[in-house]
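To convert, take the position in the sequence shown, counting from 1, and add 37; that gives this note's numbering.
Think of the CB as a built atom: it goes at the ideal place given N, C-alpha and C, for glycine as much as any other residue.
Following: one structure in structure tokens, then a few remarks.
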Amino acid sequence: MIHVLQTGNSKIFHGICLNVLSILKHTKEPVHLHIMTMEISWSTVPKISEASCDHLRKVMKDANPLNELSYYDVSEDFEATFKDTPNRNPKYSPASLIRLLFTRYIDCDKLIYLDADTMTCSGLETFKLIDIENKEMAVCLDYLGKFWIKKDYFNSGVLYINVKRVKETKLFERAIDLLKEKKLYFSDQTALYTYCKEKVYIPFRFNEQRAIKEDTVIKHFCKGIRYLPFFKVYNFKQWQVGKMHKFFKIYEFDDLYKQYEILFPDELKLEY
Ligand SMILES: [Mn+2]
């Protein structure tokens, strides 16, 4: 069983569904997906509904009856933890902090955390080749951060976590404590970077922040820079089908877009 964690609110649920369809396409082993969500007093965005997750679970079980989905509404905990902290409105969204709470809810051996703006291009079984027995996490460098912030600055959009170990070292709880004290620019990512001492750096194929290659496992649609024909900062997501085609020339998820429209008619529409 491969354990996967996704977090967020209703605004990015189509991203999670597309990601899951990509996992179902490539990963042969059964997958246990954990979805953590919240709604809070200082944001109007609703949580992902339990009904939406029930439907997603059905789609997953149709693909493999051994697949599982667990749903966690962490609203109260999130409110109590972050409401009165300087990081309650981080750069991207308060929802980016949800993952920091995971050790309070999830118990398994190893866990693959994936941002909602990622897609898998091959099976998640490849993660098992990474040895994190004596580490807290396996991480990839942040493509832009390694130039501009620090040369070993990592990207927290894909994390391969040794759950038992991070519970011992209290990595995620210490990251939360730091965010309670100090305003950080990339809140959760910098907090994890600050405290994670037992880490192994893995190749970009596990968190590809640029063009998809032949051996890519995860493609991450994070912010990027294109220099030619003119300087442009872009931040397009996999549900922006028009941008995938015209800007990135990515067509390899087209079968999944079709599936999404058939399987998830009641969820957010893809953007053409
Ligand atoms: Mn991301």
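Residues bridged to residue i [DSSP beta-bridge criterion]
i           : result
residue 73  : 44 and 109
residue 246 : Per DSSP, none; premise fails for residue 246.
residue 271 : 261
residue 68  : 39
residue 186 : DSSP lists no partner for residue 186.
residue 82  : DSSP output for residue 82 lists no bridge partner at all.
residue 255 : 157
residue 226 : In the DSSP output, where bridge partners are listed per residue, residue 226 has none listed.
residue 308 : 277
Span separating the alpha-carbon of residue i from that of residue j
i           : j           : result
residue 172 : residue 249 : 28 Å
residue 192 : residue 241 : 10 Å
residue 155 : residue 49  : 11 Å
residue 86  : residue 44  : 12 Å
residue 309 : residue 38  : 35 Å
residue 258 : residue 70  : 20 Å
residue 293 : residue 275 : 11 Å
residue 224 : residue 216 : 7 Å
residue 67  : residue 94  : 13 Å
residue 239 : residue 177 : 5 Å
residue 187 : residue 233 : 14 Å
residue 106 : residue 89  : 11 Å
residue 245 : residue 227 : 19 Å
residue 108 : residue 265 : 43 Å
residue 103 : residue 235 : 33 Å
residue 56  : residue 205 : 30 Å
residue 256 : residue 158 : 7 Å
residue 263 : residue 185 : 16 Å
residue 211 : residue 261 : 30 Å
residue 194 : residue 151 : 6 Å
residue 203 : residue 209 : 7 Å
residue 79  : residue 251 : 43 Å
residue 290 : residue 306 : 16 Å
residue 303 : residue 91  : 13 Å
residue 175 : residue 230 : 12 Å
residue 72  : residue 284 : 30 Å
residue 53  : residue 153 : 5 Å
Start and end residues, alpha helix (DSSP H) containing residue i
i           : result
residue 54  : 50-63
residue 293 : 291-300
residue 147 : Per DSSP, residue 147 belongs to no alpha helix (DSSP H); it is in the beta strand (DSSP E), 147-151.
residue 31  : No answer is possible for residue 31: it lies beyond the span of the chain, which begins at 38 and ends at 309.
residue 162 : Careful: residue 162 lies outside any alpha helix (DSSP H) and carries neither H nor E.
residue 213 : 208-218
residue 170 : Element bounds for residue 170: n/a, residue is neither H nor E.
residue 90  : 87-100
Residue i - containing beta strand (DSSP E), residue span
i           : result
residue 193 : 191-199
residue 237 : 236-238
residue 177 : 174-178
- Any 3 or more C-beta pairs closer than 8 Å across the region 214-222 and the region 113-126: With a cut-off of 8 Å, the region 113-126 and the region 214-222 count as touching, because enough Cβ pairs lie within range.
- Counting pairs of Cβ atoms below 8 Å between the region 55-67 and the region 264-272, do you hit three or more? Too few Cβ pairs lie closer than 8 Å, so no.
- Stretch pair the region 192-206 + the region 140-154: three plus CB contacts closer than 8 Å: Segments in contact, yes.
- Check whether the region 159-174 touches the region 107-118, taking contact to mean three or more Cβ pairs, one atom from each stretch, closer than 8 Å. These segments do not touch.
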